[in-house]
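Worksheet for the structure shown next.
In our numbering, the protein residues as written are 1136 to 1421.
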């Protein structure tokens, strides 16, 4: 097959085959679509093909293989994994962006992670002028725009941070990481506290540091309640819960939870890919 160019005309031509369910045609179509590297969202707006919702679902699935390869290519981490990331928020954010691009359906137009965070930071600063950090976080966690689901099975989409920053449903970890990235843009200090099964924020309140629960709209957790929450954990885990998680640790946890969520949903290939990424950050000892 001659080399195709990633243009709207090429996409329009390929879309005419989208309703052909013959396995050989689907395989050939997926291979031809690789030239778009997993994302045709901008080009779709330039085509005249009347793609239905069903067509877009098929198209997204056909683009998935290319998104995997793009993720592998762009996932560049230090040779010593998490230890090489240290407190490098910029590098970690770039890897969160790579994950978000991979989790995107490839057909819906949206802002990349950096732009979505910039916009959210600007809107938050304008809407919370004069408020302390605790009030700022609570503003974000009460649907402005972060929508933290409660008692819901973890979905991979909950950790697509570009989607979360734009108002998509999320989990405590997703909401917490987005807030930390927004606060960095506003030059505000805050800590993420990583607990088994949940995630908290430690920020400045009116009378000193407070702990906020993203799952419940930024509800304040008193120190004794926090200690009660972690009392049954082994001492080494309690120590980890009390200290601020590093950017690299947040990336590892996000990738681990993505691996579990994808595997639970039956996406074994994508779950295995996430496990590969985890091993690149935390190499398995021989």
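The C-beta atom is built at its ideal place from N, Cα and C for all residues, glycine as well.
Exercise. Taking C-alpha atoms, which residue in 1348, 1379, 1292 lies nearest to residue 1364?
Worked result: For residue 1364, the closest of 1348, 1379, 1292 by C-alpha to C-alpha distance is 1348.
Problem set entry | Complete beta strand (DSSP E) runs within the segment 1301–1337 (minimum length 3 residues, chain order) | 1326–1330, all fully within the segment 1301–1337.
Exercise. By a C-beta neighbour count over all protein chains shown, 10 Å radius and 16 as the cutoff for buried, is residue 1136 buried or exposed?
Worked result: Bear in mind that a pLDDT of 48 at residue 1136, under 50, signals an unreliable position, so the number given afterwards is only what the model happens to contain. Taking a 10 Å sphere around the C-beta of residue 1136, we find fewer than 16 other C-beta atoms and assign the residue as exposed.
For this session: Please specify which runs of the alpha helix (DSSP H), each continuous and at least 4 residues long, are wholly inside the segment 1245–1308, giving them in chain order.
Result: Fully enclosed alpha helix (DSSP H) runs of 4 or longer: 1248–1262, 1268–1276, 1296–1300.
For this session: Using the Cα positions of residue 1386 and residue 1175, report the straight-line distance between them to the nearest angstrom.
Result: Between the alpha carbons of residue 1386 and residue 1175 lies a distance of about 27 Å.
Exercise. With distances taken between CB atoms, is the gap from residue 1308 to residue 1410 smaller than 8 Å?
Worked result: Going by C-beta atoms, residue 1308 is not nearer than 8 Å to residue 1410.
Problem set entry | Runs of alpha helix (DSSP H) wholly within the segment 1370–1408 (minimum 4 residues, chain order) | Counting only runs of 4 or more, we get 1370–1377, 1382–1399.
For this session: Would you identify the three-state DSSP class for residue 1339, choosing helix, strand or coil?
Result: Note: residue 1339 maps to strand in three-state DSSP.
For this session: Let me know the secondary structure DSSP gives residue 1227 once reduced to three states.
Result: Residue state, collapsed to three classes: helix.
Problem set entry | Where residue 1217 sits in the DSSP three-state scheme | Of the three classes helix, strand and coil, the one that applies to residue 1217 here is helix, per DSSP.
Exercise. If we ignore side chains and look at the alpha-carbon of each, how far apart do residue 1319 and residue 1169 end up?
Worked result: Near 36 Å, if we compare the C-alpha coordinates of residue 1169 and residue 1319.
Exercise. In whole angstroms, what is the alpha-carbon distance linking residue 1280 and residue 1159?
Worked result: When rounded, the distance between both Cα atoms is 44 Å.
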